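A short worksheet on the structure shown next.
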């Protein structure tokens, strides 16, 4: 028997409506029935035998149908995070490593090191400022310089891997002051704040520098390198080096920046000598060597046998003030 299309369509609509109403009833009005297949029973370690607690069966939480998917998702997420951290670590390792070096200038020769050798800037430019500092980059090294009376222990930024301490050990008063700074640096080394230490020392002209020997690493101390002004039997070009005295910064010696013309241009004279030549002195020997070798024609020499200008000056004075000092 052939069913009309209109009746077939109405039959399908009726079946759909009936199924929807039945499903809505089960969701909102029927008691929830949990299949034993969907039930997970967990026995606690302290639960009594038979699975009974407080007179009622113990039934664990309901089964989560998305539990396996969540576990897989979290596992994949953790793997991605781990891979990202490894990637960032590889980037950090591939970056060129930079070294931070601080220079603490607690002696005038620190200015010679910073301005004349490293050619670093210094702010403020006022030479009597209490605190002066500067920064300079050279290759993989970031230098920072601090100097002035206001640069005191415990008040200098400690952003560094290595430290260069410039101190004065020419006389006992300076030695005591420099020792306190060395003790402060030693505390920084022991606290792992500083990894490497170098000292530029204005030494004693009589080579009396034994006070700093215990601080050298080869003697059980913490100073890796020592740059010593004035000659010393300690100089070995391994951990103790001789350092130039530099320029008289307190006399405002001008800074002359090197340039190609200054270095490569021809000079009219090979050498020069200006001074008083005494009998049986090294200066007399020097003048004889210059004359015998013919260098006196290539060098600018002005020698005098007597200090006539000083003699004339002394003859016109009642008193002469000449304080003794080391040169």
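Numbering (full-length UniProt numbering), first residue to last: 1 to 327.
Even for Gly, the Cβ is constructed at its ideal location relative to N, Cα and C.
Just so it is clear, the structure is predicted and the values come from calculations on it, not from any experiment.
Query, Result
"Residue 117 in three-state terms, based on DSSP", "helix"
"Sequence-distant residues of the same chain with beta carbon closer than 6 Å to residue 122, five excluded per side", "132, 134"
"Buried versus exposed call for residue 339 [16 or more other C-beta atoms within 10 Å across all chains shown]", "Nothing can be reported for residue 339: it is not among the residues displayed for the chain, which extend from 1 to 327."
"Residue 25 burial status per 10 Å Cβ neighbour count (16 or more: buried)", "exposed"
"DSSP-derived helix/strand/coil call for residue 256", "coil"
"Residue 174 versus 201, 151, 270, 186, residue with shortest Cα-Cα distance", "201"
"Residues of its chain near residue 162, where Cβ-Cβ distance is below 8 Å and the 5 sequence neighbours each way are ignored", "99, 100, 101, 102, 194, 195, 196, 197, 198"
"DSSP bridge partner residues for residue 274 (one or two, in chain order)", "302"
"Identity of the residue in 236, 240, 233, 75 nearest residue 223 by Cα", "240"
"Integer Cβ distance of residue 246 from residue 203, believed to fall under 8 Å", "About 13 Å separates the two Cβ atoms, so there is no contact after all."
"Those residues which DSSP pairs with residue 209 across a bridge", "Answer by DSSP bridge pairing: none, since residue 209 is not bridged."
"Inside the UniProt domain \"RXYLT1 N-terminal\" (101-244) only - alpha helix (DSSP H) runs reaching at least 4 residues", "172-190"
"Given 8 Å, three or more beta-carbon pairs between the segment 245-264 and the segment 112-129", "yes"
"Range of the contiguous alpha helix (DSSP H) that encloses residue 71", "67-94"
"Top-ranked residue by Cα proximity to residue 225, from 243, 208, 231", "243"
"Where residue 155 falls, given that 16 or more other Cβ within 10 Å makes a residue buried", "exposed"
"Residue 184 versus residue 274 - alpha carbon distance", "46 Å"
"DSSP state of residue 99 mapped onto helix, strand, coil", "strand"
"Same chain only: Cβ atoms within 7 Å of residue 296, ignoring 5 sequence neighbours per side", "290"
"Where residue 318 falls: helix, strand or coil (DSSP)", "coil"
"Close Cβ partners of residue 235 (< 6 Å) along its chain, the five nearest in sequence each way excluded", "242"
"Residue burial classification, residue 263 (beta-carbon count within 10 angstroms, cutoff 16)", "exposed"
"CA-to-CA distance, residue 66 to residue 19, given in whole angstroms", "27 Å"
"Residue burial classification, residue 12 (beta-carbon count within 10 angstroms, cutoff 16)", "exposed"
"CB-CB length for residue 298 against residue 269, believed under 8 Å", "7 Å"
"Where residue 279 sits in the DSSP three-state scheme", "coil"
"Alpha-carbon spacing of residue 145 relative to residue 160, whole angstroms", "11 Å"
"CA-to-CA distance, residue 158 to residue 188, given in whole angstroms", "9 Å"
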